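Data block below; observations after.
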Amino acid sequence: MIFVDSSYYIAISDTKDQWHKKSLELSEYIETNINVVSSFIISEVVTEIGRRSGGKVAYNLYNYFTDNCEIIYIDRDLLVESMDIFLKYNGTLSLADAASIAIMDNMKISEIVSFDSDFDKVDFINRIHTLQ
Numbered sequence: 270m271i272f273v274d275s276s277y278y279i280a281i282s283d284t285k286d287q288w289h290k291k292s293l294e295l296s297e298y299i300e301t302n303i304n305v306v307s308s309f310i311i312s313e314v315v316t317e318i319g320r321r322s323g324g325k326v327a328y329n330l331y332n333y334f335t336d337n338c339e340i341i342y343i344d345r346d347l348l349v350e351s352m353d354i355f356l357k358y359n360g361t362l363s364l365a366d367a368a369s370i371a372i373m374d375n376m377k378i379s380e381i382v383s384f385d386s387d388f389d390k391v392d393f394i395n396r397i398h399t400l401q
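In our numbering, the protein residues as written are 270 to 401.
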């Protein structure tokens, strides 16, 4: 089980994205694992891909999430926990990233596929951004 960040889904969906080639290299790794995302991740990806490529492309991606990923919805308790993490890092992480960290901690997930180096600040997280 791995957590997958919005940066991966945005990169794989946009051939002009700076991380597109690396995302293709990671796609087999993604496909062989159970992918966990949050409702915040879906919001980020759908919004950004909608802006870049249009609503229909974003809608297709939304359907991918609902059909292929374990989605963790942000409830009040998780939002409070996410804000605590956000404050712990003094606002240097986004609230969506803080929620990802909270979910990973709660579910005992140590790996995240992400091109966002902010996750390197978190001791228990192993960020997968290239095949070694």
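Backbone N, C-alpha and C define an ideal beta-carbon position, used for all residues, glycine too.
Quick caveat, the model's predicted, so the values are computed rather than measured.
Exercise. Should residue 278 go down as buried or exposed, given a rule of 16 or more other Cβ atoms within 10 Å for buried?
Worked result: buried
For this session: Return the first residue and the last residue of the beta strand (DSSP E) that residue 272 is part of.
Result: 271-273 is the extent of the beta strand (DSSP E) around residue 272.
For this session: Using the DSSP secondary-structure output, state which residues sit across from residue 341 in a beta bridge.
Result: 307
Exercise. Residue 354 to residue 371, Cα distance in whole Å?
Worked result: Between residue 354 and residue 371, the C-alpha separation is close to 7 Å.
Exercise. Taking just the CA atoms, how far does residue 297 sit from residue 286?
Worked result: 19 Å
Exercise. When the Cβ atoms of the region 303-321 are set against those of the region 334-350, are three or more pairs found closer than 8 Å?
Worked result: yes
For this session: Give the straight-line distance between the Cα atoms of residue 327 and residue 318, rounded to the nearest whole angstrom.
Result: 5 Å
Exercise. With DSSP run on the structure shown, which of helix, strand or coil describes residue 382?
Worked result: Three-state DSSP puts residue 382 in a strand.
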